[in-house]
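Trainee:
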Amino acid sequence: MEKSTEVLAQFATALGGEKDLIGAGGIASGRDVWRKLAVGAQAVQLYSALVYGGPGLVRRIKRELLEIMRAEGVSDLKDVGPSV
Ligand SMILES: Cc1cc2nc3c(=O)[nH]c(=O)nc-3n(C[C@H](O)[C@H](O)[C@H](O)COP(=O)(O)O)c2cc1C
């Protein structure tokens, strides 16, 4: 999660919004998704955590993400990004 988010942030800075980016690598929670979006991803992808969390993982991540959005006062994920 740390390394892939760092590389994602470098890509986001280098591209300056020129391309949409998919954040991938180590995502297992709503907080992880939030962090990928916060450094510049427009979408996320995950695989490994499904092995441990099962199909219910997506619902849990969505719930956690909603809790973070409420806490941060964000109503649209489009508003989450490096400028937030
Ligand atoms: C078992 C397994 C098989 C995968 N197969 C492919 C593949 O064929 N092509 C591809 O582009 N990515 C593949 N991936 C990468 C995933 O699509 C995804 O980008 C990556 O696993 C995300 O990181 P995470 O596993 O930490 O969530 C695979 C990942 C795993 C764990």
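For the sequence shown, my numbering gives the first residue as 32, with consecutive numbering after it. The beta-carbon is built from N, C-alpha and C at its ideal position, and this holds for glycine as well. For clarity, every value in this text was computed on a predicted model and none was experimentally measured.
Output the boundary residues of the alpha helix (DSSP H) element that contains residue 41.
Mentor: Taking the first residue of the sequence shown as 1, we reach residue 41 at position 10. Residue 41 -> alpha helix (DSSP H) spans 33-46.
Trainee: If I follow the unbroken alpha helix (DSSP H) through residue 54, where does it start and stop?
Mentor: Residue mapping note: residue 54 aligns to position 23 of the sequence shown, counting from 1. Here residue 54 belongs to no alpha helix (DSSP H); instead the beta strand (DSSP E) covers 53-55.
Trainee: Please report the residue range of the beta strand (DSSP E) in which residue 89 lies.
Mentor: For this step, residue 89 is matched to residue 58 along the sequence shown. No beta strand (DSSP E) contains residue 89, which is instead part of the alpha helix (DSSP H) from 87-103.
Trainee: Nearest to residue 112 by alpha carbon, out of 32, 91, 73 and 42?
Mentor: For the purposes of this step, residue 112 is identified with residue 81 of the sequence shown, where counting begins at 1. Per the Cα distances, 73.
Trainee: What does DSSP give as the partner residue(s) for residue 74 in the beta ladder?
Mentor: Within the sequence shown, residue 74 is the residue found at index 43, counting from 1. Answer by DSSP bridge pairing, in chain order: 53.
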